[in-house]
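Only one structure is covered here, and it is reproduced in the block below.
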Amino acid sequence: MASMRKRFSSSSVEEDGISLCDSTSFSTFDLTSEEEHPYASLLCCHSIQDSLLSSNSSFTGYRGILNWIIILLVLTHAHLFLENFIQHGFLIDVKKVLGHLIEDNCNWPSVILILAANTFALIALLLERSQEKAMLSLSNAHRLHLTNLGLLVLFPPAVIVHEPAMSTGGAFLSLLFFTILGMKLYSYQETNRWYRLAHLEKDQNGPASQKHHNEHLTFRELYYFLLAPTLCFQRGFPCCPNVRINKLLHRLIEMVVVVQIMVGIVQQWIEPIFQRSEISFSSMAITTRVEHLVGLVAPTHFLWLLFFFLTHSYLNFCAELLRFGDRHFYGDWWNATTLIAFWKNWNIPFQRWCHRHIYTRLVERNVSPSHAELLVFLMSAALCEYMIALPLHSCRLWIFLMMVFELLVAVFLRNYFQGNYGNGLVWLFLLLGPPLAVATYFHDHYVSLRVNRQHRPSQSPPTSERRVFLQLH
């Protein structure tokens, strides 16, 4: 031990100014083995390393911080749930919804619209079966499929625009249902066409493979696909062995609690902000418009996060009920360092459908990959604008322009914001981007409803303001 101390002290004098924890300083000690220097680990207890939360650290275990944030959000907003429940009761009540439907003299435009969607699905199945029986050629069947899909796309807007009895909530749910159905049926006919072309190339296995293909054109397979939480069709979806009842109940409770919190936030945060305004956003002064936008940032962002969690619970509930195995519904979009990475991970089913049925097809037609990506993005931006503007009977292109602006930022500033700074920019646009544009749409819709209600005759029956967005008729 004395010899080791002597060697250590002499080495320190010779290497004056060299840190003991530096990697080069260890070589000066000539520590060849632990047997020769049994106390070497005690002499130097430091090494070069970054703090875990610094930008240079490679640490990624933030699960505890996520749990802490969730607990804080729940505790800080629990009073909204309790106060709203005490004052207004359980707002999402099936009996009250059915009561609204019955009181409207059985005039259920949104319910009838959704039931009528089965017609388009059955037509798609009949067209597929007709091709298998050689009653239709591939080209004629493809034209009929496109006609069926065109009518499916045009049918709900025509009903929503010309049916005054349909509420905003019913119009939004109907439009969402038809949009998803249209994407599913397009994938259904396109994928079956690929299977059919593949079978035609295998002449030697023609009869057996044709029989195997006919077995898949069934009502059971079609409606399983229509109910499954996916937009892309394939034969033989991966399935789990059984349904876990505890998981179903877990997801169901999550959905009920999240919806109740969302209704409470709308009633106690967003609605008072709307009530302070008598005119639309486009007619406000600049200072008033900024004031309202600042007041809407926090609640709309929290609502957007709750909507994501509600979507997570609903998709997993459907997957568990149907034993659907592929539950990769989103990636780690919260870690995205660019807006492009966020868009690719935010909605995996939609991104997969766009890549499979639009991007790949455009590239096959000699469209450059960059132009194909641009067209896919513009289509998704137009679809978001369409989904919000049509039920509200107001098209101002705010959502579309906001997403186009995000695209410009993602292209021109991607070299300046990287790593944690890029992730911060992504979260900034999530705060001030499309969710806030959606809130401005609902603000103007709320103002128009209140103005129309004030001009109604006094003898007309009053309408509940707090349930106007929850009606399904």
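Mapping of the sequence shown onto the working numbering: position 184 corresponds to residue 1588, and the numbering continues sequentially without gaps. From the three backbone atoms N, C-alpha and C, an ideal C-beta is built for every residue, glycine too.
Beta-ladder partner(s) of residue i, from DSSP
i: F1728; result: C1643
Contact check, residue i vs residue j, beta carbons under 8 Å
i: H1732; j: I1752; result: yes
i: P1773; j: V1767; result: yes
i: L1882; j: L1531; result: With the chain covering only 1405 through 1877, there is no way to say anything about residue 1882.
i: M1659; j: Y1718; result: yes
i: M1783; j: L1580; result: no
i: L1725; j: V1662; result: no
i: L1585; j: L1556; result: yes
i: F1678; j: Y1850; result: yes
i: L1778; j: E1789; result: no
i: S1514; j: G1574; result: yes
i: A1740; j: V1808; result: no
i: S1591; j: L1656; result: no
i: L1631; j: M1666; result: no
i: F1706; j: I1669; result: yes
i: P1839; j: W1708; result: yes
i: S1458; j: I1518; result: no
i: Q1535; j: R1600; result: yes
Straight-line Cα distance separating residue j from residue i
i: G1729; j: N1471; result: 26 Å
i: C1722; j: F1821; result: 38 Å
i: L1604; j: Q1593; result: 16 Å
i: I1516; j: L1529; result: 21 Å
i: M1587; j: H1546; result: 15 Å
i: R1765; j: H1797; result: 33 Å
i: L1652; j: R1727; result: 11 Å
i: Q1491; j: A1520; result: 39 Å
i: E1438; j: Q1453; result: With a pLDDT of 47 at E1438, under the threshold of 50, the modelled position of that residue is not reliable, and the figure given next carries that caveat. C-alpha separation (whole angstroms): 24 Å.
i: N1596; j: N1552; result: 16 Å
i: L1794; j: F1804; result: 13 Å
i: K1748; j: L1700; result: 27 Å
i: G1610; j: F1754; result: Bear in mind that a pLDDT of 49 at G1610, under 50, signals an unreliable position, so the model cannot answer this.
i: R1533; j: L1621; result: 7 Å
i: P1561; j: A1602; result: 37 Å
i: Q1671; j: P1703; result: 11 Å
i: N1720; j: V1813; result: 34 Å
i: F1629; j: I1744; result: 29 Å
i: C1644; j: W1737; result: 26 Å
i: A1785; j: G1468; result: 35 Å
i: W1512; j: T1523; result: 18 Å
i: H1847; j: V1478; result: 26 Å
i: A1569; j: S1462; result: 57 Å
i: L1714; j: R1818; result: 31 Å
i: A1538; j: W1598; result: 17 Å
i: Y1627; j: H1566; result: 30 Å
i: G1913; j: N1827; result: The question about residue 1913 has no answer, for the chain in this structure spans 1405 to 1877.
i: W1750; j: E1487; result: 33 Å
i: E1507; j: S1571; result: Its pLDDT being 39, under 50, E1507 is placed unreliably by the model, and the measurement read from it follows with that caveat. Between E1507 and S1571, the C-alpha separation is close to 14 Å.
i: T1742; j: Y1825; result: 9 Å
i: G1823; j: S1455; result: 16 Å
i: G1734; j: S1451; result: Sequence check: residue 1734 is Tyr here, not Gly. Distance between the alpha carbons of Y1734 and S1451 is about 39 Å.
i: G1640; j: F1623; result: 14 Å
For residue i, three-class secondary structure by DSSP
i: F1463; result: coil
i: E1658; result: helix
i: Y1820; result: coil
i: M1783; result: helix
i: K1537; result: coil
i: L1517; result: helix
i: I1473; result: helix
i: Y1734; result: coil
i: S1455; result: coil
i: T1523; result: helix
i: W1708; result: helix
i: Q1638; result: coil
i: V1501; result: Reliability of the predicted coordinates at V1501 is poor, the pLDDT of 48 falling under 50, and no value is obtained from them.
i: A1740; result: coil
i: A1723; result: helix
i: A1528; result: helix
i: C1788; result: helix
i: V1701; result: helix
i: A1632; result: coil
i: W1512; result: coil
i: C1425; result: Confidence is the limiting factor: at C1425 the pLDDT is only 39, short of 50, which leaves the residue's position unreliable and the question unanswerable from this model.
i: L1796; result: coil
i: C1758; result: helix
Practice problem: List in chain order: all unbroken alpha helix (DSSP H) runs of 4+ residues lying wholly within the stretch 1538-1578. | Solution: 1542-1566
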